[in-house]
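Under my numbering, the first residue of the sequence shown carries the number 139, and numbering increases by one thereafter.
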Amino acid sequence: MDENWVLRAACRVGGFLGELRRFSRPNQDSEATRSALQPRIGLALGGGFARGIAHAGVLRILEENQIRIHCVTGVSAGAIVAAAYASGATPAEIAQAGCAMRFGDVGRWQIARLGFVASERMQRFLQRLLKVHSFEQMRIPLGVLATDLSTGEPVPFFGSGAVFDPIRASCSYPGLFEPLQLQNQLLVDGAMSMEIPAALARQLGATHVISVHLPMRGPSGPPSNMFQVVNRCFQIMQSRSEDAWRRDTDVLIAPDVRGVDWDGFARGPQLIAAGEAAATAALPAIKEWFAGKPATTEPVELLQQSVPQET
């Protein structure tokens with residue numbers, strides 16, 4: 139048999155197989171490329187006690203517009219909402235729980251050396267609201283941020299373990315709630331070290347971060363009690379550290395809820411409406427990410443819908 143003929147035949151077969159690989163590979167590569175280009179959106183939720191109900195309005199608008207959330211993080215009231223959403227609770231269920239909630243559902247007044255309120259009741263509230271109760275069971279990755287009272291450093295919780303104590307720690311507003319002893323650390327409100335946990339969302343894999351900020355009521359005069367003093371100190375401290383979390387934020391949604399007091403749970407419907415309006419205004423900036431446009435280098439800040447002052 140002619141050896142050259144065998145060689146030519148082998149080359150033709152090799153070329154044919156190579157063509158098959160050439161035509162099949164781009165489909166695989168393009169699929170991987172499309173997947174890589176899809177933004178992984180992290181949602182970082184700030185605190186605000188009753189004002190946290192506004193987060194439910196933000197979530198509803200994002201879901202209605204099919205904005206898929208890759209991970210969610212939170213501090214204080216934002217940690218409660220973040221855990222509920224990550225566990226599978228719907229925005230409507232979160233809104234209903236928030237509107238029905240009262241301070242006594244999560245705190246018990248007492249006289250103690252380190253705080254006036256114990257937070258054991260919060261666990262029962264969370265057991266009713268959350269669909270699952272550990273980090274590894276969550277529908278999407280969840281991050282909760284507390285603060286080490288000794289070092290002042292943020293303490294992140296994610297990945298594994300029960301969520302109840304990290305959330306309680308993240309909600310331990312200094313001067314009001316008792317700090318929580320956990321893992322040889324005395325922990326307080328996560329907002330003491332980072333007002334909005336945008337960096338934690340990056341740590342959980344987010345390529346784009348939406349931060350939701352719930353501003354406090356500004357001072358209307360000198361404080362008249364200890365709680366107003368503590369609250370004003372928080373405002374001053376957080377205004378000085380705002381640049382840190384803004385650096386990890388691509389879109390900032392800030393519903394104007396300053397007309398609502400920290401315990402204004404009865405004003406839930408107005409808070410939800412403020413969250414919905416602010417999220418709606420943010421949609422064009424968020425949808426740009428899906429059009430292949432890069433995230434902005436500076437946060438796009440969207441303020442919408444004031445909740446009116448009570449008369």
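Think of the CB as a built atom: it goes at the ideal place given N, C-alpha and C, for glycine as much as any other residue.
Residue nearest to residue i in terms of C-alpha spacing, selected from the options
i: Q353; options: T387, D381 and G185; result: Note on residue identity: the sequence assigns Pro, not Gln, to residue 353. Cα-wise, what sits closest to P353 is G185.
i: I199; options: A336, G343, L318 and P422; result: P422
i: I291; options: M332, F273, I424 and R259; result: The sequence shown places Glu at residue 291, not Ile. The candidate whose alpha carbon is nearest that of E291 is M332.
i: F263; options: M330, Q408, V282 and A221; result: A221
i: G297; options: A224, T345, I410 and L267; result: A224
i: T289; options: D386, G328 and A382; result: G328
i: Y311; options: V395, L197, A217 and A420; result: A217
i: Q408; options: P393, T418, A419 and M330; result: P393
i: P177; options: I424, T285, T345 and V219; result: T345
For residue j and residue i, the rounded distance between their alpha carbons
i: T435; j: G413; result: Caution applies to T435, whose pLDDT of 39 falls short of 50 and renders its modelled position unreliable; the value that the coordinates give is listed next. Cα to Cα, the separation comes out at about 24 Å.
i: E201; j: A230; result: 11 Å
i: V389; j: I179; result: 11 Å
i: N126; j: L324; result: Absent from the model: residue 126. The displayed extent of the chain is 139 to 449, so no value can be given.
i: V210; j: P360; result: 37 Å
i: K269; j: I205; result: 21 Å
i: A235; j: N322; result: 32 Å
i: R405; j: V282; result: 26 Å
i: R277; j: A382; result: 28 Å
i: A411; j: I232; result: 14 Å
i: E380; j: L181; result: 17 Å
i: A227; j: L267; result: 7 Å
i: A420; j: F403; result: 25 Å
i: E274; j: F295; result: 11 Å
i: V219; j: I424; result: 21 Å
i: L183; j: L197; result: 11 Å
Anticipated Cβ contact below 8 Å, residue i with residue j, distance rounded
i: V350; j: H193; result: 6 Å
i: A429; j: I391; result: A429 to I391, Cβ: 20 Å. No contact.
i: I207; j: C237; result: Actually they are not in contact, since the Cβ atoms of I207 and C237 sit about 22 Å apart, beyond 8 Å.
i: M239; j: R306; result: Going by Cβ atoms, the distance from M239 to R306 rounds to 15 Å, so no, they are not a contact pair.
i: G507; j: P335; result: With the chain represented from 139 up to 449, any question about residue 507 goes unanswered, as that position is not in the structure.
i: P279; j: G343; result: 7 Å
i: R189; j: V326; result: Incorrect: roughly 19 Å between the Cβ atoms, too far for contact.
Own chain, CB closer than 7 Å to residue i, minus 5 neighbours either side, in chain order
i: A170; result: Legend: pLDDT at A170 = 45, less than 50; position of this residue unreliable, value from coordinates given subsequently. Cβ neighbours of A170 beyond the five flanking positions: none.
i: A300; result: H271 and S272
i: F187; result: A215, W400 and D401
i: D386; result: A336, A337, R340 and V347
i: L287; result: P317, L324, L325 and V326
i: T418; result: I199
i: L320; result: D303 and A307
Beta-carbon contacts of residue i that lie in its chain and below 6 Å, excluding the five residues immediately before and after
i: A284; result: V293, A307, S308, L325 and G328
i: F302; result: Q261 and L264
i: W427; result: P177 and H346
i: M330; result: T285
Mind pulling the alpha helix (DSSP H) runs of 4 or more residues that sit fully within the region 327 to 357? 336 to 341
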